[in-house]
Amino acid sequence: MLIGLDEVRRMWERVIDPNAYTNLFKDIGIVITDGIQQRTAAGIDYLKNTFSPYTEAYKKWKQRKGLYTGKVNLKVSGHMLGSLVSKPEPKQVEITFSNTKAMETAYYNEEGRKPRVFVSIPPDVEKQIDKMIDKRIDELLNG
134 MLIGLDEVRR
144 MWERVIDPNA
154 YTNLFKDIGI
164 VITDGIQQRT
174 AAGIDYLKNT
184 FSPYTEAYKK
194 WKQRKGLYTG
204 KVNLKVSGHM
214 LGSLVSKPEP
224 KQVEITFSNT
234 KAMETAYYNE
244 EGRKPRVFVS
254 IPPDVEKQID
264 KMIDKRIDEL
274 LNG
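Its first residue numbered 134, the sequence shown is counted upward by one per residue in the numbering used here.
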């Protein structure tokens, strides 16, 4: 019999246990949604480019309504970004919106005439997530 085989088996069982990642995916969801909200409020997309300006017609509409017309931050009522949620699952986290209207508004912002891509993961956040995953696997392996 190989020495240490039981220990290797126990480590492997900890790593493949789907429940071992629940908090990890919850934390990853928080990192992603917080980043989206902060960047969007600052008027920048996921690659840190400034959002394209409002069209003159839309800017005038917002002015008539007494709404903010400064830098584009995708906020009219706050409902779209306020409904951004993360749904952690055993093997992944889903980033979505809690209602159809917000999802449609986000889609229009990302795919409309003036695309403003904001519901994406920037490269620096991808690296942060990789480090979070590596750390969790190390914790599980070292028991």
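For glycine and all other residues, C-beta sits at the position ideal for the given N, C-alpha and C.
Item checked: In chain order, each alpha helix (DSSP H) run of at least 4 residues that lies wholly inside the region 140-220 -> Counting only runs of 4+ residues, the alpha helix (DSSP H) found wholly inside the region 140-220 occupies 155-174, 189-197 and 212-215, in chain order.
Notebook entry, point to check: What residues are listed by DSSP as bridge partners for residue 226?
Noted result: By 1-based counting over the sequence shown, the position of residue 226 is 93. Within the DSSP bridge table, the entry for residue 226 names 221 as partners.
Next item on the list: Indicate whether residue 252 and residue 231 have their beta-carbon atoms separated by less than 8 Å.
Entry: Sequence index remark: in the sequence shown, residue 252 carries index 119 (1-based). Sequence index remark: in the sequence shown, residue 231 carries index 98 (1-based). Remark: C-beta atoms of residue 252 and residue 231 do not approach each other more closely than 8 Å.
Margin query: Does residue 275 come out as helix, strand or coil in the three-state DSSP assignment?
Written below: Translated into positions along the sequence shown, residue 275 becomes position 142. Note: residue 275 maps to coil in three-state DSSP.
Checklist line | Minimum C-alpha distance to residue 239 - residue among 265, 215, 220 and 192 | finding: To locate residue 239, count along the sequence shown from 1; it is residue 106. The candidate whose alpha carbon is nearest that of residue 239 is 215.
Next item on the list: Pick helix, strand or coil for residue 262, following the three-state DSSP scheme.
Entry: The count along the sequence shown starts at 1 and reaches residue 262 at position 129. Note: residue 262 maps to helix in three-state DSSP.
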